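Protein chains: 2
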Amino acid sequence: MRRRKRYHHGNLREALLESALQLIAEVGPAGFTLRELARRTGVSHNAPYRHFRDRDEVMAKVTVQGFKELTQAMLRGSQSGAGAIDRLKRAGLAYISFALQRPEHFTVMFDAPTRVRTDYADAAEASEEAFNTLLSFVKSCQDERQLPSGNTHEFAMLAWSMVHGVAKLATTGRLPYTSTAEILKFAEFVIDNSLPA
Amino acid sequence: MRRRKRYHHGNLREALLESALQLIAEVGPAGFTLRELARRTGVSHNAPYRHFRDRDEVMAKVTVQGFKELTQAMLRGSQSGAGAIDRLKRAGLAYISFALQRPEHFTVMFDAPTRVRTDYADAAEASEEAFNTLLSFVKSCQDERQLPSGNTHEFAMLAWSMVHGVAKLATTGRLPYTSTAEILKFAEFVIDNSLPA
DNA sequence: ACCTGAACACCGTTCAAGT
DNA sequence: ACCTGAACACCGTTCAAGT
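Chains as they are written, first to last, in this note's numbering: chain R, 1 to 197; chain F, 1 to 197.
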């Protein structure tokens, strides 16, 4: 392997994306700069422009990866569920859990300027895929008569709003809890008191 | 009036805060710069430092004003309510309505770096006052036996999470609605399907 | 007291030049 | 093909100097 290693990197693009995640985790999305990214990756401040149009595109790719991970986390979380409602609930907890484990990544995914989503189709798609995952769990609940039928999209958006609200308040430090365990317990309280089940 | 007008402004501080709101509404919190703020207010880029320690302090004062308005909006919105649950619901709708009418202000209030809240006590206080307003509506519901008693704080945080989730998803353009009316209808759907009433 | 211009250390982005 | 340094137009913040 690594025949024809050129200049500094055989795969600068991947190296940059990896560094970007680390850097964002350290300094937050607002403090994230392309120049510092280049510095850490050991290339000139200009090298990233060979692989990304601009700062927005780096953000977009980080967003894509984040939503893919979020989708996987929800799918994984739901597996241990007993019954449709329980799977929906566990998917919701996985959503919140993801936000707690990667707060900066979560911030990029949801607080980046709208243009990131409109300019990069893959970012919008990855986000939609995550929503569709939630939607499928809601649909299962309706199929098994554990949620009122109809309004599937509305119920999915309701579930999304709920877990998103908890996740946002938690990651921005507005809840009076310090540990992940406490926050997840509160999340269960929210879900249990809001699902009609 | 305006005896002793000095230099450019009798009240540069107020003028700056007013301009700041306008500027943030135009370019968003991320695009907001002190230098542009000074430019618009007609003073040198350095003049704001006579009235604010730094960019953070301007953000903190904008935050304070935002939370005060939010509190007022909830109080006003609740007044037309018939019964405690209805007042809580209307306060929640007012929260979402505020976010829709001043999305950038809302963003500053909730997405500014944590240090803004920790360094400026008045920002934290104004935020707490808004929460206490929501809390008082929840308490009324419990007093009138329209919500299960106990866990008052948890129920208030549940209500907060819900309206905050809807507000955030709406203001960041993740809901498939274009008009305020549609979003508020969805908000009603969420509230009606989540309150035990 | 309040305002100013020059200065410093940063950005994102572009471009001509190197291998 | 990929990388580099110089350059440009911006920031936030500081400071000595003006009225």
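Yeah, the Cβ is synthetic: ideal placement off N, Cα and C, and Gly gets one too. These numbers were taken from a predicted model, which means no experiment stands behind them.
With residue 48/R and residue 37/R assumed to form a contact (beta carbons below 8 Å), what rounded beta-carbon distance in angstroms separates them? Looking up residue 48/R in the first sequence gives position 48. Looking up residue 37/R in the first sequence gives position 37. Residue 48/R to residue 37/R, Cβ: 6 Å. Contact.
Along the chain, which unbroken stretches of the alpha helix (DSSP H) at least 4 residues long are found entirely within the segment 123-168 of chain R? Listed in chain order, the alpha helix (DSSP H) runs fully inside the segment 123-168 of chain R amount to none, counting runs of at least 4 residues.
To the nearest angstrom, how far is it from the Cα of residue 123/F to the Cα of residue 64/F? Sequence index remark: in the second sequence, residue 123/F carries index 123 (1-based). Sequence index remark: in the second sequence, residue 64/F carries index 64 (1-based). If you take the alpha carbons of residue 123/F and residue 64/F, they lie about 5 Å apart.
Should residue 76/F go down as buried or exposed, given a rule of 16 or more other Cβ atoms within 10 Å for buried? For this step, residue 76/F is matched to residue 76 along the second sequence. Exposure of residue 76/F is indicated by the presence of fewer than 16 other C-beta atoms within 10 angstroms of its C-beta.
If contacts are defined as beta-carbon pairs under 8 Å, then residue 70/F and residue 183/F qualify, I think. What distance do you get, rounded to the angstrom? On the second sequence, residue 70/F is found 70 positions in, with the first residue counted as 1. On the second sequence, residue 183/F is found 183 positions in, with the first residue counted as 1. Contact annotation, residue 70/F with residue 183/F: C-beta distance approximately 17 Å; criterion of less than 8 Å not satisfied.
Which runs of the alpha helix (DSSP H) spanning at least 4 residues fall entirely within the segment 4-46 of chain F, listed in chain order? If only complete runs of 4 or more residues are kept, the segment 4-46 of chain F shows the alpha helix (DSSP H) at 12-31, 34-41, in order along the chain.
When the cut-off is 8 Å and only beta carbons count, does residue 143/F lie next to chain R? Within the second sequence, residue 143/F is the residue found at index 143, counting from 1. Interface with chain R (8 Å Cβ-Cβ cutoff): residue 143/F is excluded.
Listed by chain order, chain R residues near residue 10/F by CB distance under 9 Å: On the second sequence, position 10 is the one that residue 10/F refers to. Ordered by position in chain R, no residue passes the 9 Å Cβ test against residue 10/F, which lies about 35 Å from the chain.
Using 8 Å for Cβ pairs, my map puts residue 164/R next to residue 165/F. What's the rounded Cβ distance? Counted from its first residue, the first sequence places residue 164/R at position 164. Counted from its first residue, the second sequence places residue 165/F at position 165. Contact flag correct, Cβ pair sits at about 4 Å.
Could you tell me the distance, in whole angstroms, from the CA atom of residue 103/R to the CA atom of residue 138/R? Locating residue 103/R in the first sequence gives position 103, where the first residue counts as 1. Locating residue 138/R in the first sequence gives position 138, where the first residue counts as 1. Roughly 26 Å separates the two Cα atoms.
Within 8 Å (strictly less), CB to CB, does residue 30/F reach chain R? Position 30 of the second sequence, counting from 1, holds the residue named residue 30/F. The beta carbon of residue 30/F sits closer than 8 Å to some beta carbon of chain R.
Measure the beta-carbon distance from residue 56/R to residue 145/R and round it to whole angstroms, keeping in mind my assumption that it falls under 8 Å. Here residue 56/R corresponds to residue number 56 of the first sequence, with the count starting at 1. Here residue 145/R corresponds to residue number 145 of the first sequence, with the count starting at 1. In fact, because the Cβ distance is near 45 Å, the residues do not count as touching under 8 Å.
Just mark residue 171/R as buried or exposed, buried being the case when its beta carbon has 16 or more other beta carbons within 10 Å. The sequence position of residue 171/R within the first sequence is 171, counting from 1. Residue environment for residue 171/R: buried (at least 16 other C-beta atoms within 10 angstroms of its C-beta).
If I measure Cβ to Cβ from residue 50/F and keep anything under 8 Å in the same chain, skipping five residues before and after, which residues do I get? Position 50 of the second sequence, counted from the first residue, corresponds to residue 50/F. Sequence-distant Cβ neighbours of residue 50/F in its own chain, meaning closer than 8 Å and more than five residues away, are 12.
Endpoints, the alpha helix (DSSP H) within which residue 82/R is located: Walking along the first sequence from the start, residue 82/R turns up at place 82. Residue 82/R -> no alpha helix (DSSP H), and no H or E assigned at all.
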